[in-house]
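From first to last, the protein sequence lines are chains A and B.
Residue 7 is where the first sequence starts when you use the working numbering, and the numbers rise one by one after that.
Residue 7 is where the second sequence starts when you use the working numbering, and the numbers rise one by one after that.
Single-structure report; data block below.
Number of protein chains: 2
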Amino acid sequence: MNLENFNSVVIHDVGMRDGLQMESESVDIETKIEWIEELIKSGIDIVQVGSFVHTGKIPQMADTDELFQYFNKPENKPKKTILSALVLNEKGMERGLNCNVGMFCMGVSASETHSMKNTGMSTSEAQSRIIKMAKELMSANKRVQVSVQSAFGCGFEGDIAEDKVLGIVKEYHSAGIKNISLADTAGYGNPAKVQRLYSAIRELDKDVEMACHFHNTYGMGLANCLVAIEEGVKYIETAFGGLGGCPFTKLAAGNVCTEDFVHTIQNIGFRKDIDLDRLIKIAKHASGFFVKDLPGFVYKSGGIKH
Amino acid sequence: MNLENFNSVVIHDVGMRDGLQMESESVDIETKIEWIEELIKSGIDIVQVGSFVHTGKIPQMADTDELFQYFNKPENKPKKTILSALVLNEKGMERGLNCNVGMFCMGVSASETHSMKNTGMSTSEAQSRIIKMAKELMSANKRVQVSVQSAFGCGFEGDIAEDKVLGIVKEYHSAGIKNISLADTAGYGNPAKVQRLYSAIRELDKDVEMACHFHNTYGMGLANCLVAIEEGVKYIETAFGGLGGCPFTKLAAGNVCTEDFVHTIQNIGFRKDIDLDRLIKIAKHASGFFVKDLPGFVYKSGGIKH
Numbered sequence: 007m008n009l010e011n012f013n014s015v016v017i018h019d020v021g022m023r024d025g026l027q028m029e030s031e032s033v034d035i036e037t038k039i040e041w042i043e044e045l046i047k048s049g050i051d052i053v054q055v056g057s058f059v060h061t062g063k064i065p066q067m068a069d070t071d072e073l074f075q076y077f078n079k080p081e082n083k084p085k086k087t088i089l090s091a092l093v094l095n096e097k098g099m100e101r102g103l104n105c106n107v108g109m110f111c112m113g114v115s116a117s118e119t120h121s122m123k124n125t126g127m128s129t130s131e132a133q134s135r136i137i138k139m140a141k142e143l144m145s146a147n148k149r150v151q152v153s154v155q156s157a158f159g160c161g162f163e164g165d166i167a168e169d170k171v172l173g174i175v176k177e178y179h180s181a182g183i184k185n186i187s188l189a190d191t192a193g194y195g196n197p198a199k200v201q202r203l204y205s206a207i208r209e210l211d212k213d214v215e216m217a218c219h220f221h222n223t224y225g226m227g228l229a230n231c232l233v234a235i236e237e238g239v240k241y242i243e244t245a246f247g248g249l250g251g252c253p254f255t256k257l258a259a260g261n262v263c264t265e266d267f268v269h270t271i272q273n274i275g276f277r278k279d280i281d282l283d284r285l286i287k288i289a290k291h292a293s294g295f296f297v298k299d300l301p302g303f304v305y306k307s308g309g310i311k312h
Numbered sequence: 007m008n009l010e011n012f013n014s015v016v017i018h019d020v021g022m023r024d025g026l027q028m029e030s031e032s033v034d035i036e037t038k039i040e041w042i043e044e045l046i047k048s049g050i051d052i053v054q055v056g057s058f059v060h061t062g063k064i065p066q067m068a069d070t071d072e073l074f075q076y077f078n079k080p081e082n083k084p085k086k087t088i089l090s091a092l093v094l095n096e097k098g099m100e101r102g103l104n105c106n107v108g109m110f111c112m113g114v115s116a117s118e119t120h121s122m123k124n125t126g127m128s129t130s131e132a133q134s135r136i137i138k139m140a141k142e143l144m145s146a147n148k149r150v151q152v153s154v155q156s157a158f159g160c161g162f163e164g165d166i167a168e169d170k171v172l173g174i175v176k177e178y179h180s181a182g183i184k185n186i187s188l189a190d191t192a193g194y195g196n197p198a199k200v201q202r203l204y205s206a207i208r209e210l211d212k213d214v215e216m217a218c219h220f221h222n223t224y225g226m227g228l229a230n231c232l233v234a235i236e237e238g239v240k241y242i243e244t245a246f247g248g249l250g251g252c253p254f255t256k257l258a259a260g261n262v263c264t265e266d267f268v269h270t271i272q273n274i275g276f277r278k279d280i281d282l283d284r285l286i287k288i289a290k291h292a293s294g295f296f297v298k299d300l301p302g303f304v305y306k307s308g309g310i311k312h
């Protein structure tokens, strides 16, 4: 394993969105603010605050506008942390623009079944719409990340042809979008597939800023992240406590756990600027809040003592 | 990640020993026989039946001789699976010889504190004794694997100098022992350290048959296995269900889970000869037997459907 790329890893915590949307209990806004503030203080590079989605569909995300209003106030504004949000359609994008979102995330599913269930549109319809939105945001000088969901397989459809995934990536790339994430909604990624897909994207254009988003359904999440980094993936999406899952997928399991991931790369020798203990405290707090064990390891064991 | 070595991986399930010794409830011999038979039928290469240790110390291992007697009967003898056992001292070795053990495993801890707690001897005293035993077994044409426990760090002492670990390896090597395992008793291994230690052993002698034994205390177990294989490690020690831990270490957590590991390398494209469904059934049975969730992922989710 070539560790050359590990120092330039950018960590994007998506627990406040991908984590909380899966929980039956909604988190009150005071607690959300506290967790986001702790994530910022810990030194995580990008924190996903929430999604702009119909509140009837995902009530846990109803206060996303309000959260951004709070963090837009000069006294609360993070100095260097980027606050991202997921937007699903034009209306969400408008809300995001009004909220001065630091990074817009949006995507399409490579699985037609998942795409229909999630958006009511085919993959190609959904992508036309997403590309149009992304272009509008880029022309307004906004930071945008687009994704291919179910990029490594789908709980409904099983394997997804790698050519289909790469076709979607090429469409994004042709539209001038450079920050592209592959999301493993179902947890189907394995190190060999991760290696093939990202090296193919790198061959397409070495300047694509690649991102990854793995779920840990089968225990391969961390290994997939490490192989992705080796292949040049810079943005790693994780969730504190290992929370997470998509409510419209078949068998949901948590994201790769932020503090476990940070602990791993710190032990390898990188990103020692991040405050692991603070991350562990957030996970412990979340575990207490939801009154259950979360999937993360390190918040239970504490980090390795050297 | 170079996948070249993945096809020659040899899987050594240690759940019957490292797994069961950690459980407060002893498993009856009928159930043990059933699980071992299923492991054999699944196509696991080496199955560790138990340890020859003072029954007062680890009562869960009291029936190891009886288990070997059962599997030595012509009608029960596995055709190609090797049945291994852990031996801790000369008395255990004698019992193992009487039992016609297929592979003798024995080791010393690189941590002086762990060595004292586990054996009452310093590392170097323990190693002299182990080497003497290993030589005796080899001269009787027995298959032997020696190990360095706490090779990646120790719950009591923290970091263990890599030079100390390599020094122990060199002692083994000078004594003519070629099958050498590094055991991560505390779960402290990380991919960079795994890479450094195994590549150093490979440099010492490319013909050393390297083995690894990782615990998953911090979630890095599977990633460590994959990096170890890349570095030329052939024998991978895992435990069904992710059971396991050393009763004399500080913070014990399960071994890398056999069925999760098999699922991973099968998804990567190798060892499709192993019957994953059968492994999943054993883990489910064990989970029912101990009336608790085990750490493994795949026995809960089922394997990825392609």
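For every residue, glycine included, the Cβ atom is placed at its ideal position computed from N, Cα and C.
In the three-state DSSP reduction, VAL20 (chain A) falls in the coil class, being neither helix nor strand. Within chain A, MET7 have C-beta atoms less than 7 Å from the C-beta of GLN201 (chain B), given in sequence order.
When only Cα atoms are considered, PRO301 (chain B) and SER293 (chain A) end up about 18 Å apart. PRO80 (chain A) sits exposed, since fewer than 16 C-beta atoms from the chains shown fall within 10 Å of its C-beta. When Cβ-Cβ separations below 9 Å define contact, CYS105 (chain A) makes no contact with chain B.
Interface annotation for the segment 159-187 of chain B against chain A: GLY159, GLY164 and ASP165, criterion Cβ-Cβ distance under 7 Å.
The beta-carbon separation of GLN155 (chain A) and ALA189 (chain A), rounded to 5 Å, stays under the 8 Å limit for a contact. The three-state secondary structure of THR244 (chain A), taken from DSSP, is strand. When A:LEU282, A:MET122, A:GLY238 and A:ARG277 are compared, the shortest CA-CA separation from ASN11 (chain A) is found for A:GLY238.
SER153 (chain A) sits away from VAL107 (chain A), with the two beta carbons spaced by 9 Å or more. Shown here for ASP165 (chain A): same chain residues with a beta carbon closer than 6 Å to its own, the five before and five after excluded, namely GLY159 in chain order. One thing to note: LEU89 (chain A) has its Cβ within 9 Å of the Cβ of GLN54 (chain A). In chain A, no part has a C-beta under 8 Å from the C-beta of ALA289 (chain B); the shortest such distance is about 12 Å.
Between the beta-carbon of ILE17 (chain B) and that of THR264 (chain B) there is about 7 Å, and that keeps the pair under the 8 Å contact cut. Here ALA292 (chain A) carries a helix assignment [DSSP, helix/strand/coil]. With respect to ILE186 (chain B), GLU209 (chain B) sits apart: the two C-beta atoms are not nearer than 9 Å. Contacts with chain B at 9 Å (Cβ-Cβ) do not include THR119 (chain A).
Using a Cβ distance threshold of 9 Å, ASN78 (chain B) and CYS111 (chain B) do not count as a contacting pair.
DSSP lists B:ALA245 as the bridge partner or partners of CYS263 (chain B).
For the segment 217-232 of chain A, residues whose beta-carbon sits nearer than 7 Å to a beta-carbon of chain B comprise THR223, TYR224, GLY225, MET226, LEU228, ALA229 and LEU232. For ASN196 (chain B), the chain A residues whose Cβ falls inside 7 Å of its Cβ are THR270, ASN273 and ILE274, in order along the chain. Cβ neighbours of ILE136 (chain A) within its own chain (closer than 8 Å, five residues either side excluded): MET112, GLY113, VAL114 and VAL152.
Between TYR194 (chain B) and CYS218 (chain B), the gap from beta carbon to beta carbon reaches 9 Å or more.
Annotation: SER30 (chain B) to GLU168 (chain B) spans about 34 Å, alpha carbon to alpha carbon.
Taking all protein chains in view, the Cβ of ASP69 (chain B) is crowded by 16 or more other Cβ atoms within 10 Å, so the residue is classified as buried.
The alpha helix (DSSP H) runs of length 4 or more contained entirely in the segment 101-152 of chain A are, from start to end of the chain, 118-125 and 129-145.
Residues of the same chain with a CB within less than 6 Å of the CB of GLN272 (chain A), apart from the 5 flanking positions on each side, are LYS278 in chain order. Taken through DSSP and simplified to helix, strand or coil, ASP279 (chain B) comes out as coil. Spatial neighbours of ILE183 (chain A) in its own chain (CB-CB distance under 6 Å, excluding positions within 5 residues in sequence) are listed in chain order as ALA140 and VAL152. Pairing MET144 (chain B) with ILE52 (chain B) gives a Cβ-Cβ distance that is not under 9 Å. With 16 or more other CB atoms across the displayed protein chains lying within 10 angstroms of its CB, PRO197 (chain B) is buried.
Between ALA234 (chain A) and VAL200 (chain A), the gap from beta carbon to beta carbon is short of 9 Å. What ILE310 (chain A) touches in chain B, judged by beta-carbon distance under 7 Å, is GLY159, TYR194 and TYR224, going in chain order.
Take PHE303 (chain B), set aside five residues on each side of it, and the residues of its chain with a beta-carbon closer than 6 Å to its own are ASP266, in chain order. The C-beta separation of PHE58 (chain A) from GLY102 (chain A) comes to about 5 Å, placing the pair in contact by the 8 Å criterion.
Around the CB of GLU177 (chain B), 16 or more other CB atoms lie within 10 Å, so the residue is classed as buried.
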